[in-house]
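One structure below.
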Amino acid sequence: MAATKTISLRPLDDRVIVQPNEAEQTTAGGIVLPDSAREKPQRGTVVAVGPGKLLDSGNRGELSVAVGDVVIYGKYGGSEIEVDGQELKILRESDILAKIA
């Protein structure tokens, strides 16, 4: 994966910005996949996090992910955007299924 440069986006509330990993280009058996047959990646690296959801008490809820974490998210969750030539995904923290340790 290419080095991530600083992005000019700041997510709000419990939103997280993720840079998806590249889609697999070959199968485990060595078959090269065309672009149309590649599955959407479901893993990515967190590049920015919001301050947390505003609770009824007026405090902010703490997020369980941080910048640099590798996460797995739902295949069709979030919104895809392009910023400075980078493909990014904006997700709610609840769209993240797991954090890879």
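Per the numbering used here, the sequence shown starts with residue 570, numbered consecutively.
We put the CB at the ideal spot given by N, CA and C, even for glycine.
C-beta atoms of Val639 and Val618 nearer than 9 Å:
Within the sequence shown, the letter at position 70 stands for residue 639. Within the sequence shown, the letter at position 49 stands for residue 618. Their beta carbons are not under 9 Å apart, which means Val639 does not touch Val618 by this criterion.
Residues bridged to Glu656 (per DSSP):
The sequence position of residue 656 within the sequence shown is 87, counting from 1. Beta-bridge partners of Glu656 (DSSP): Glu651.
According to DSSP, residues forming a beta bridge with Ala617:
Here the question's residue 617 lines up with position 48 in the sequence shown. Answer is Ile586.
Within the continuous beta strand (DSSP E) that includes Val636, where are the two ends?
Start at 1 with the first residue of the sequence shown, and residue 636 comes out as number 67. Segment: none, Val636 is in no beta strand (DSSP E) and carries neither H nor E.
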